[in-house]
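Protein chains in written order, with the numbering used here: chain A, 3 to 119; chain B, 33 to 147.
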């Protein structure tokens, strides 16, 4: 089946630094990737939709200058958390869509746990 | 606004028992997804339900969809400890300002199966 990877899987950083998270579709091309965040014991909240070659679409309340998304190729999207603060600590999960013959299938990456000290 | 509500949010059950998790959504959608999440892990796809009356089964789990009632159920038969996890339903947000594949998740049901 289709595989989506994320790197790093876990990162700890100091407040004020920037962190880049990569999301790759390993064996398929994904025109659309999604970025979610999940707080402990909570559900997933969509942050932004990332389309290859165009600007990301951010959900209401998500600061686009803080969460920079780049979708440079059909297999790679990156999320950069700029000037991270402790409240940005969360589990970040990406997903990539695969267009099948009769349905849309979404594959989730393994997630990146960000801890900001 | 598209809302997805799950209940119960917490479920503690004994091995061997049956139970059902409910997922209600507020407006029409042509796709409903069920996912499993283990602690500290990402989402594992369980079922994709694409039409009214759809029923899918995998092992001890069976999911169904009633688009008229805007309701999906995840039924657990003869639960075993390995089923302990958090289960999420999600609805495709297409048509509500989102791209195709933009999923709106329920809050999740944390299932704990005890011996």
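Idealized CB from N, CA, C, for every residue including glycine.
Rank the options by C-alpha distance to the C-alpha of residue i and give the top, closest one.
{"i": "residue 79/A", "options": "46/A, 36/A, 20/A and 109/A", "result": "36/A"}
{"i": "residue 58/A", "options": "43/A, 45/A, 12/A and 82/A", "result": "82/A"}
{"i": "residue 40/A", "options": "121/B, 139/B and 78/B", "result": "139/B"}
{"i": "residue 103/B", "options": "46/B, 147/B, 135/B and 60/B", "result": "60/B"}
Using only the alpha-carbon positions, how far apart do residue i and residue j sit?
{"i": "residue 51/B", "j": "residue 107/B", "result": "6 Å"}
{"i": "residue 73/A", "j": "residue 40/B", "result": "38 Å"}
{"i": "residue 88/A", "j": "residue 84/B", "result": "44 Å"}
{"i": "residue 118/A", "j": "residue 52/A", "result": "24 Å"}
{"i": "residue 111/A", "j": "residue 97/A", "result": "6 Å"}
{"i": "residue 75/A", "j": "residue 44/B", "result": "45 Å"}
{"i": "residue 100/A", "j": "residue 71/A", "result": "20 Å"}
{"i": "residue 108/A", "j": "residue 25/A", "result": "14 Å"}
{"i": "residue 12/A", "j": "residue 68/B", "result": "21 Å"}
{"i": "residue 170/A", "j": "residue 88/B", "result": "This structure does not reach residue 170/A, given that chain A is present from 3 up to 119, and the question cannot be answered."}
{"i": "residue 34/A", "j": "residue 42/A", "result": "26 Å"}
{"i": "residue 21/A", "j": "residue 47/A", "result": "20 Å"}
Quick one: what's residue i bridged to in DSSP?
{"i": "residue 110/A", "result": "97/A"}
{"i": "residue 68/B", "result": "76/B and 119/B"}
{"i": "residue 5/A", "result": "The partner list for residue 5/A (beta bridge, DSSP) is empty, contrary to what the question assumes."}
{"i": "residue 107/B", "result": "52/B and 94/B"}
{"i": "residue 142/B", "result": "42/B and 118/B"}
{"i": "residue 82/A", "result": "22/A and 70/A"}
Can you pull the chain A residues whose beta carbon is under 7 Å from the beta carbon of residue i, in chain order?
{"i": "residue 74/B", "result": "95, 110, 111, 112 and 113"}
Check the Cβ of residue i against every Cβ in chain B and list those closer than 9 Å, keeping chain order.
{"i": "residue 28/A", "result": "Within chain B, no residue comes near residue 28/A; the closest Cβ sits about 14 Å away, beyond 9 Å."}
Notebook entry, point to check: Can you give, in chain order, each stretch of the beta strand (DSSP E) that sits fully within the segment 36-77 of chain A and has at least 3 residues?
Noted result: Annotation: the segment 36-77 of chain A contains the following complete segments of the beta strand (DSSP E) (minimum length 3 residues), in chain order: 46-53 and 69-75.
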